[in-house]
Amino acid sequence: MYEGKALLLVMDGLGDRPVASLGGLTPLEYATTPNLDGLATGGECGLMHTCGRGVRPGSDTAHLTILGYDPATFYTGRGPIEAAGVGMVLSPGDIAFRCNFATMTAGGRILDRRAGRISDTAELVAAVDGIAIDGVLCRVGQGSGHRAALVLHGEGLSGAVTDADPHREDEGILTVRPKDGSPEAARTADVVNAFVARAMDVLGKHPLNAQRKKDGLPPANALVPRGGDLNPCLPAFRGRYGLSAAVVAGGGLYKGVGRLMGMDVVEVPGATALPNSDLAAKVAAALAALSDHDFVFLHFKAADSLGEDGNAGGKAAFITMADFVLGPLADAVRDGLLLAVTADHSTPCALKAHSADPVPLIITGPGVRTDAVASFGERAVAAGCLGHVTGVDVMPELLNLLGRLPLYGA
Ligand code: ZN
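First residue of the sequence shown? That's 7 in the working numbering, and the numbers climb one at a time after it.
If you want it as structure tokens, here you go:
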């Protein structure tokens, strides 16, 4: 039923280090994971140094790597991925920024970088979307909560500009400056500065903000861009591998990675990228997407956030909950699905940050050389037959098992 199809499950920030309060186990080792252990038993296992040994991967570069897009060639920055993640389609030469709706004082200081965690910005986005400055179209897309994206579309632009966001409160919005001496960077900085001023003017007069003030809420009277970068123009996943593909994720970054590769983005109600995310619905949506796609990239976010909170017990509990919904994936493997389960990087609770510790990897399905590993833990998989791999090895391993690799030589 699933012959010739593959699914990649990435559990963000899954890897960890031994935790004293968990009896010296990692959260993954401590968690109750009969489904993952069963997949490890039937599969081949190993440890993955996603971006190479001694590299602490960001989630963006890690996912590009695992999907076979070497960041050294294909990574321009976070802005375009976030913009794609909120559903914006980017053209060659576009420059994209992440933005926050923020609250400014009359004196020009940022009072709240998240505008009271405003939740519905649709009307505000519509009011500032489509402003034209010096022949450049400034498009704004709505993100979750206070988040948005800005895409500049026009001739002669550059991603080499600084942030308008001071990244702290009680300061003014920064004047965006060119990072190099090119006329394109100077022009882009001028456009962003003019856009920020125009947006502040429009938002300051917007009736929704008048109502927020009346209701005692901080107005979302500024839009503050950061992380501007050039559209990386990724080659299509389908062209690269001959596989039609879809992404199922709650977080914008992961939808963005998929969309930039030309994957179909499957929206799942209840997929929040938070510990309360409806993981069972995501698994069901991912399996359903395999009916008309060859490859599905499925992403679970919350183990990473719990690691960054230093919450080892919560991380173990989330992993237990995630394992509980994986039964249908194990059934699909019995029905011919090729499945890889891994993480993009470790997020040790002791560090509250990403680390270079390698992450566990299982590949299971038709044709795998089953090894002796019978549990899915950072230490257990080290004995597996995949040994130590890097992120760029994952897609070739899957393509080999799918019978899609060209012959090298004659
Ligand atoms: Zn990550």
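For every residue, glycine included, the Cβ atom is placed at its ideal position computed from N, Cα and C.
Just curious, the beta strand (DSSP E) that Asn215 is in, first and last residue?
Premise fails: Asn215 lies in the alpha helix (DSSP H), 213-220, not in any beta strand (DSSP E).
As an exercise, report each continuous beta strand (DSSP E) stretch of at least 3 residues that is fully enclosed by the segment 138-173, in chain order.
142-148, 153-159
Assuming Gly393 is part of the beta strand (DSSP E), what are its boundary residues?
From DSSP, the beta strand (DSSP E) with Gly393 extends over 393-396.
Gly409 Cβ short of 7 Å to ligand 1 heavy atom set:
no
Please confirm if the segment 147-155 is in contact with the segment 166-179, defined as three or more CB-CB distances below 8 Å between the two stretches.
no
Going by DSSP, name the residue or residues bridged to Arg232.
Arg104
DSSP on Ile369, reduced to helix/strand/coil?
Judged by DSSP in its simplified three-state form, Ile369 adopts strand.
Write down every uninterrupted run of the beta strand (DSSP E) in the segment 288-338 whose length is 3 residues or greater and which is fully enclosed by it, in chain order.
Fully enclosed beta strand (DSSP E) runs of 3 or longer: 301-306.
Check whether the Cβ atoms of Thr111 and Ala226 sit closer than 8 Å, and answer yes or no.
In this structure, Thr111 lies away from Ala226, with their beta-carbon atoms at least 8 Å apart.
Measuring from the CB of Asp310, is there a heavy atom of ligand 1 at a distance below 7 Å?
For ligand 1, at least one heavy atom lies less than 7 Å from the Cβ of Asp310.
So the candidates are Leu405, Leu413, Arg385; which of them puts its Cα closest to the Cα of Leu53?
For Leu53, the closest C-alpha among the options Leu405, Leu413, Arg385 is that of Arg385.
Within the same chain, show all residues whose beta-carbon is closer than 8 Å to that of Arg410, passing over the 5 residues directly before and after it, in chain order.
Tyr247, Gly248, Leu249
When you compare each of Asp300, Leu31, Ser27, Phe80 to Pro427 by their alpha carbons, which one comes out closest?
The chain is shown from 7 up to 416; residue 427 falls before or after that span and cannot be answered.
Residues of its chain near Asp186, where Cβ-Cβ distance is below 8 Å and the 5 sequence neighbours each way are ignored:
Ser164, Ala166
Contact between the segment 214-232 and the segment 53-66 is defined here as three or more beta-carbon pairs at a separation below 8 Å; is this criterion met?
no
Could you pull the DSSP bridge partners for Pro184 from this structure?
Val167
Is the segment 333-351 close to the segment 362-380, with three or more CB pairs under 8 Å?
Yes, the segment 333-351 is in contact with the segment 362-380.
Please classify Lys219 as buried or exposed, where buried requires at least 16 neighbouring CB atoms within 10 angstroms.
exposed
Which value, in whole angstroms, describes the spacing of the CA atoms of Ala359 and Val274?
28 Å
Helix, strand or coil for Asp76 per DSSP?
coil
With respect to the alpha helix (DSSP H) encompassing Thr47, which residues constitute its N-terminal and C-terminal limits?
Start and end: 40-48.
Going by alpha carbons, who is nearest to Ser188 out of Gly162, Arg204, Ala203, Leu180?
Gly162
Rounded C-alpha distance that separates Ala378 from Lys307
29 Å
Enumerate in chain order the residues of its own chain whose CB-to-CB distance from Leu70 is below 7 Å, with the five nearest sequence positions on each side excluded.
Cβ contact annotation for Leu70 (same chain, cutoff 7 Å, sequence separation greater than five): Pro77, Phe80, Tyr81, Val263, in chain order.
Coarse secondary structure for His348, derived from DSSP in three states:
According to the sequence as given, residue 348 is Thr; it is not His. Per DSSP, reduced to three states, the secondary structure at Thr348 is strand.
Sheet register partners of Asp270 (DSSP bridge)
Ala252
Since Thr168 and Arg145 are thought to touch, with beta carbons under 8 Å apart, how far apart are those beta carbons, to the nearest angstrom?
21 Å between Cβ atoms; not a contact.
In the structure shown, what three-state DSSP assignment does His69 receive?
DSSP places His69 in helix when its eight states are reduced to three.
Use the C-beta contact count for Met401: other C-beta atoms within 10 angstroms, 16 or more gives buried, fewer gives exposed.
buried
When the Cα atoms are used, what is the spatial distance from Ala279 to Gly415?
45 Å
For Asp315, tell me which candidate among Gly10, Val16, Asp22, Ala277 has the shortest Cα-Cα distance.
Asp22
Identity of the residues DSSP links to Gly21 by a beta bridge:
Ser352
Look at the alpha carbon of Asp284 and the alpha carbon of Ala255, and state the distance between them as a whole number of angstroms.
11 Å
Tell me which residue opens and which closes the alpha helix (DSSP H) that Leu407 is part of.
400-407
Stretch pair the segment 320-332 + the segment 34-49: three plus CB contacts closer than 8 Å
yes
For Met206: DSSP bridge partner residues
In DSSP, Met206 forms no bridge with anything.
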